[in-house]
Amino acid sequence: MKVARALMQQDLAHLAMSINSKTASDVERALNANTPSLDDFMALISPAGSHYLEAMASRAQALTRHRFGNTMQLFVPLYLSNLCANECTYCGFTMSNKIKRKTLSISEVLTEIEAIKDMGFSQVLLVTGEHETKVGMDYFEQTLSAIRDKVSYIMMEVQPLKKEQYETLKHQGLDAVLVYQETYSPQQYASYHTRGKKQDFLWRLEASDRIGQAGIDKIGIGALLGLGDWRVDSAMTALHGKLIQQHYWQSRVSIAFPRLRSCEGNSTGGNALTNSKLPNERDLLQLICAHRLFNPQAELSLSTRESAAFRDGVMPLGITSMSAASQTQPGGYSEPSQALNQFDIDDSRSVPEVVNAIARKGLEPVWKDWMPFEVRV
Amino acid sequence: MLTLANHTFSSRLLTGTGKFSNAATMKDAVAAAQSNIVTLAMKRVASNSAQDETLTALRELGVTLLPNTSGAKNAQEAIFAAELSYEALGSPWIKLEIHPDQRYLLPDPIETLQAAEALVKKGFNVLPYCGADPVLCKRLEEVGCSAVMPLGAPIGSNQGLQTKPFLQIIVDQASIPVIVDAGIGKPSEAMAAMEMGVDAVLVNTAIATAQNPVAMAEAFANAVETGRKAFEAGLGATSDLAQPSSPLTAFLEPAV
Chain A
1 MKVARALMQQ DLAHLAMSIN SKTASDVERA LNANTPSLDD FMALISPAGS HYLEAMASRA
61 QALTRHRFGN TMQLFVPLYL SNLCANECTY CGFTMSNKIK RKTLSISEVL TEIEAIKDMG
121 FSQVLLVTGE HETKVGMDYF EQTLSAIRDK VSYIMMEVQP LKKEQYETLK HQGLDAVLVY
181 QETYSPQQYA SYHTRGKKQD FLWRLEASDR IGQAGIDKIG IGALLGLGDW RVDSAMTALH
241 GKLIQQHYWQ SRVSIAFPRL RSCEGNSTGG NALTNSKLPN ERDLLQLICA HRLFNPQAEL
301 SLSTRESAAF RDGVMPLGIT SMSAASQTQP GGYSEPSQAL NQFDIDDSRS VPEVVNAIAR
361 KGLEPVWKDW MPFEVRV
Chain B
1001 MLTLANHTFS SRLLTGTGKF SNAATMKDAV AAAQSNIVTL AMKRVASNSA QDETLTALRE
1061 LGVTLLPNTS GAKNAQEAIF AAELSYEALG SPWIKLEIHP DQRYLLPDPI ETLQAAEALV
1121 KKGFNVLPYC GADPVLCKRL EEVGCSAVMP LGAPIGSNQG LQTKPFLQII VDQASIPVIV
1181 DAGIGKPSEA MAAMEMGVDA VLVNTAIATA QNPVAMAEAF ANAVETGRKA FEAGLGATSD
1241 LAQPSSPLTA FLEPAV
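Chain order of the listed sequences is A and B. Quick note on numbering: the first sequence equals residues 1 to 377 in our numbering. Quick note on numbering: the second sequence equals residues 1001 to 1256 in our numbering.
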């Protein structure tokens, strides 16, 4: 568990102090570094760095276009279930929330897949709450074997699993696993996760090691910005990505920057607008550019949590993967309704509208970027 | 003329289809490059290849398609991808790319050699992307590859001919065509490679991400042609010493 061990050795209070004490000359040095260090990354996301946004954006844009070309990967989340055995104070799926619970049957999953394919997608992110007994390995295996011939790339955002379970799912067609740490501060983490298996901070932190050991193609990481100090959590995320690249060199790294959103019955994100820990759009842009400068090869992913205007603006600067026209409730593509959402989305444009916006930025949408399942097993 | 697997091609500039902002720009750039051979990633070809815009554009140009196995992490995946491309496109050509390393996308020499051998036996015309390792290139030649495609620098890096001394050894030793693939960022670098006696170059990123991809494609076409012409003309020897055109020792010659 080399990655988790290295992350646990970080002193978060020291990181916070270091970030806040960065000066203009630290930022300038970071901007001119050929291979920016973690210390440089901290300068780039620091309050001092916010005065260099234009220079950062310009460099981020050049690096992104150079590495990824004039393209934008498109994927769509598919919510399979909102059952959850955890109490997380910021999430609409939290156990004590009196919402209608629903887990899609395999035939309902296939109906959703057809709806998704009609929209043009073939890269799909399977999402569930965390309910091991009702939505566990059997369900995941059945789902993968039912859909793997119908889509080109399958990602999954579910409870952290064992290494052997990731290996099993890889052989059933799984390509990528996303496990967001939410916050890298064990104390903050404990205050938001008050019941259930998700309380186990270390089990979650060690997930990227297990995913890497299982040889999964892509590992997604991120912090839910607004829970802890976003700058510290982002420095930890940046380090996390580099450590994965170092130890699991055959896996790609994908980084996301979800900002806390309001949701049903929520006690944390509900006051998102007054939450002083929440980065604003200017902060978020600074963060995205900093990640690009620090890690030119990483996929940077942006969801429909953000506004259409922000997504359009940031598209050419660093983001390489986007979702579009997302529904965050199980069954939402074949039967849209607002009742069971995990959180509220902001960019609610249709797929053709997003595709047009991408083209207006001089980019080409990439719908498929992987071989069919039979090639990979 | 460039000869690969008993086929001749007038252009020594191979191009790619990735990183363009749309299929129309890609098509215009390939036309301006006057390329006869264009590589495309099988992983990006739509499952229903009749609907694939890139493929449609390339077919209209009438170029030879060189499907590649980009994304494959081992020999087995690359072999499956090659078979898939034969089924989908009916092409015996395959650009073998196996890069388990996800950051620099450097080719795996062991898996590449294994896959090359297997694919040659299956009847493919195999063009392997490989490190600029002269021994590996000889081994790839021995298993029956139609050419070798050593890198000048990490793919997409535009760093130029960082491996130049090794490329020169590869060129000197090879009895199959040598195509420099990856790293060439400027027309001058393409020209330099051609002057060395390389048989062809493959350029994608430098064209696709240029401000004006079509004009850049034309610049590369000219550079490749000029470089080849210079190689065929026989470059004068270089020397650290000056060679005066009126030799200092001329007085030894009998006066006329």
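A virtual CB, placed ideally from N, CA and C, is assigned to each residue, including glycine.
**OP:** Return helix, strand or coil for T103 of chain A, following the three-state DSSP convention.
**Re:** Your numbering for residue 103 of chain A matches position 103 in the first sequence. T103 of chain A falls in the strand class under three-state DSSP.
Subject >> Residue environment, D200 of chain A, which counts as buried when at least 16 other CB atoms sit within 10 Å >> reply: Stepping through the first sequence from its first residue, residue 200 of chain A is reached at position 200. In the assembly as shown, D200 of chain A is an exposed residue. Its beta-carbon has fewer than 16 other beta-carbons within 10 Å.
Subject >> Cβ-based burial, A24 of chain A [other Cβ within 10 Å; buried from 16] >> reply: What you label residue 24 of chain A is simply residue 24 of the first sequence in a count that begins at 1. Exposed is the call here.
Original post:
Any idea which residues DSSP pairs T1039 of chain B with across the strands?
Top reply: Here residue 1039 of chain B refers to the residue found at position 39 of the second sequence. For T1039 of chain B, which the question treats as bridged, DSSP gives the partners B:G1016, B:L1066.
Original post:
From this set, B:N1222, B:A1115, B:P1109, which residue's C-alpha is nearest A1132 of chain B's C-alpha?
Top reply: In the second sequence, the residue the question calls residue 1132 of chain B occupies position 132. The candidate whose alpha carbon is nearest that of A1132 of chain B is B:P1109.
**OP:** State yes or no: is the C-beta of Y1182 of chain B within less than 8 Å of the C-beta of I1155 of chain B?
**Re:** Locating residue 1182 of chain B in the second sequence gives position 182, where the first residue counts as 1. Locating residue 1155 of chain B in the second sequence gives position 155, where the first residue counts as 1. Before going further, note that residue 1182 of chain B is Ala rather than Tyr in the sequence given. Against a cut-off of 8 Å, the Cβ pair of I1155 of chain B and A1182 of chain B comes out as a contact.
**OP:** Tell me, please, whether the stretch 146 to 153 of chain A touches the stretch 196 to 216 of chain A by the rule of three or more beta-carbon pairs shorter than 8 Å.
**Re:** These segments do not touch.
Original post:
Closer than 8 Å, CB to CB, is P1150 of chain B near chain A or not?
Top reply: Position 150 of the second sequence, counted from the first residue, corresponds to residue 1150 of chain B. Chain A places no beta carbon closer than 8 Å to that of P1150 of chain B, leaving this residue out of the contacts.
**OP:** Please say whether I1098 of chain B and P1092 of chain B have beta carbons closer to each other than 8 Å?
**Re:** If you number the second sequence from 1, residue 1092 of chain B lands on position 92. If you number the second sequence from 1, residue 1098 of chain B lands on position 98. Not in contact: P1092 of chain B and I1098 of chain B (Cβ atoms no closer than 8 Å).
**OP:** Could you tell me whether the stretch 234 to 249 of chain A touches the stretch 291 to 304 of chain A, using the rule of 3 or more Cβ pairs below 8 Å?
**Re:** Touching, yes, given that three or more Cβ pairs across the two stretches are closer than 8 Å.
Original post:
Run through DSSP, which three-state label would T71 of chain A get?
Top reply: Working through the first sequence from its first residue, we reach residue 71 of chain A at position 71. Correct three-state label for T71 of chain A: strand.
Original post:
Between P336 of chain A and S81 of chain A, is the Cβ-Cβ spacing less than 8 Å?
Top reply: Against the first sequence, residue 336 of chain A aligns to sequence position 336. Against the first sequence, residue 81 of chain A aligns to sequence position 81. In this structure, S81 of chain A does not lie closer than 8 Å to P336 of chain A by Cβ.
**OP:** Return yes when the Cβ of E130 of chain A is within less than 8 Å of the Cβ of Q172 of chain A, no when it is not.
**Re:** Reading the first sequence from its first residue, position 172 is the one you call residue 172 of chain A. Reading the first sequence from its first residue, position 130 is the one you call residue 130 of chain A. No.
Original post:
Who are the neighbours of T35 of chain A on chain B, taking C-beta pairs under 8 Å?
Top reply: Counting from 1 along the first sequence, the entry for residue 35 of chain A is found at position 35. Neighbours of T35 of chain A on chain B: none; closest Cβ ~12 Å, over 8 Å.
**OP:** Measure the C-alpha to C-alpha separation of G269 of chain A and A309 of chain A and round it to an integer number of angstroms.
**Re:** Translated into positions along the first sequence, residue 269 of chain A becomes position 269. Translated into positions along the first sequence, residue 309 of chain A becomes position 309. Low confidence applies to G269 of chain A: its pLDDT is 46, below 50, so where it sits in the model is not reliable, and the reading given next is rough at best. G269 of chain A and A309 of chain A have their C-alpha atoms some 22 Å from each other.
Subject >> For S105 of chain A, the nearest candidate out of A:L126, A:T143, A:Q73 (CA to CA) >> reply: Mapped onto the first sequence, residue 105 of chain A falls at position 105. By alpha-carbon distance to S105 of chain A, the top candidate from A:L126, A:T143, A:Q73 is A:T143.
**OP:** Kindly confirm or deny that the stretch 1028 to 1042 of chain B and the stretch 200 to 218 of chain A touch, where touching means at least three C-beta pairs closer than 8 Å.
**Re:** The stretch 1028 to 1042 of chain B vs the stretch 200 to 218 of chain A: no contact.
Subject >> Which listed residue (A:I358, A:S234, A:L243) has its alpha carbon closest to that of L285 of chain A >> reply: As a working note, residue 285 of chain A is residue 285 in the first sequence. Out of A:I358, A:S234, A:L243, A:S234 has the C-alpha closest to the C-alpha of L285 of chain A.
**OP:** Check the C-beta distance from P77 of chain A over to L125 of chain A and give it rounded, since I have them as a contact under 8 Å.
**Re:** Working through the first sequence from its first residue, we reach residue 77 of chain A at position 77. Working through the first sequence from its first residue, we reach residue 125 of chain A at position 125. The pair is a contact, with the Cβ atoms about 4 Å apart (cut-off 8 Å).
Original post:
If you check the beta carbons only, do A1147 of chain B and V1178 of chain B fall under 8 Å apart?
Top reply: Within the second sequence, numbered from 1, the residue matching residue 1147 of chain B stands at position 147. Within the second sequence, numbered from 1, the residue matching residue 1178 of chain B stands at position 178. Cβ distance < 8 Å, so A1147 of chain B and V1178 of chain B count as in contact.
Original post:
Is K170 of chain A helix, strand or coil by DSSP?
Top reply: Numbered from its first residue, the first sequence carries residue 170 of chain A at position 170. Judged by DSSP in its simplified three-state form, K170 of chain A adopts helix.
Original post:
Which residues, in chain order, does the stretch 278 to 306 of chain A contribute to contact with chain B at a C-beta distance below 7 Å?
Top reply: Under the 7 Å Cβ criterion, the stretch 278 to 306 of chain A contributes Q297.
**OP:** Using the Cα positions of L1002 of chain B and R1059 of chain B, report the straight-line distance between them to the nearest angstrom.
**Re:** Residue mapping note: residue 1002 of chain B aligns to position 2 of the second sequence, counting from 1. Residue mapping note: residue 1059 of chain B aligns to position 59 of the second sequence, counting from 1. Distance from the CA atom of L1002 of chain B to the CA atom of R1059 of chain B, rounded to whole angstroms, is 21 Å.
Original post:
Which whole runs of the beta strand (DSSP E) in the stretch 184 to 237 of chain A are 3 residues long or more, in chain order?
Top reply: Counting only runs of 3 or more, we get 193 to 195, 218 to 222.
Original post:
Which of helix, strand or coil does DSSP assign to P1187 of chain B?
Top reply: Looking up residue 1187 of chain B in the second sequence gives position 187. Residue state for P1187 of chain B is assigned as helix, using DSSP reduced to three classes.
Original post:
What residues of chain A sit near R1103 of chain B, judged by a beta carbon separation below 8 Å?
Top reply: Taking the second sequence and counting its residues from 1, the one referred to as residue 1103 of chain B is at position 103. What R1103 of chain B touches in chain A: Q245, W249, Q297.
Subject >> C-alpha gap between I116 of chain A and A1221 of chain B, whole angstroms >> reply: By 1-based counting over the first sequence, the position of residue 116 of chain A is 116. By 1-based counting over the second sequence, the position of residue 1221 of chain B is 221. When only Cα atoms are considered, I116 of chain A and A1221 of chain B end up about 43 Å apart.
Original post:
What does N1125 of chain B pair with, by DSSP beta-bridge criteria?
Top reply: Sequence index remark: in the second sequence, residue 1125 of chain B carries index 125 (1-based). Bridge partners of N1125 of chain B: B:W1093.
Original post:
Taking DSSP as the reference, what is the three-state secondary structure of C1137 of chain B?
Top reply: Taking the second sequence and counting its residues from 1, the one referred to as residue 1137 of chain B is at position 137. The answer is helix: DSSP assigns C1137 of chain B an H, G or I state.
Original post:
Would you say R148 of chain A reaches chain B, if we count a Cβ-Cβ gap shorter than 8 Å as a contact?
Top reply: Counting from one through the first sequence, the residue named residue 148 of chain A turns up at place 148. Judged by the 8 Å Cβ criterion, R148 of chain A is not in contact with chain B.
Original post:
Can you name the residues of chain B whose CB is closer than 8 Å to the CB of K368 of chain A?
Top reply: In the first sequence, the residue the question calls residue 368 of chain A occupies position 368. When 8 Å is used as the limit between beta carbons, K368 of chain A is near these residues of chain B: K1043, R1044, V1045, A1046, S1047, in chain order.
Original post:
Under the rule that 16 or more other beta-carbon atoms within 10 Å means buried, what is N271 of chain A, buried or exposed?
Top reply: Translated into positions along the first sequence, residue 271 of chain A becomes position 271. Unreliable positioning characterises N271 of chain A in this predicted model, as indicated by a pLDDT of 45, which lies under 50. The coordinate reading is nonetheless provided below. N271 of chain A comes out exposed.
Original post:
Can you give, in chain order, each stretch of the beta strand (DSSP E) that sits fully within the stretch 1146 to 1181 of chain B and has at least 3 residues?
Top reply: Taking only runs of at least 3 residues, the beta strand (DSSP E) segments lying wholly in the stretch 1146 to 1181 of chain B are 1179 to 1181.
Original post:
Does S1245 of chain B come within less than 8 Å of chain A when only Cβ atoms are used?
Top reply: The residue given as residue 1245 of chain B occupies position 245 in the second sequence. No, because no Cβ of chain A sits closer than 8 Å to the Cβ of S1245 of chain B.
Original post:
Helix, strand or coil for D42 of chain A per DSSP?
Top reply: Reading the first sequence from its first residue, position 42 is the one you call residue 42 of chain A. Note on identity: in this sequence residue 42 of chain A is Met, with Asp being the wrong assignment. Reduced to three states, the DSSP call for M42 of chain A is helix.
Original post:
Considering only C-alpha positions, which residue in the set B:L1151, B:F1251, B:E1195 is nearest to A1233 of chain B?
Top reply: For the purposes of this step, residue 1233 of chain B is taken as residue 233 along the second sequence, with counting starting at 1. The shortest Cα separation from A1233 of chain B among B:L1151, B:F1251, B:E1195 belongs to B:E1195.
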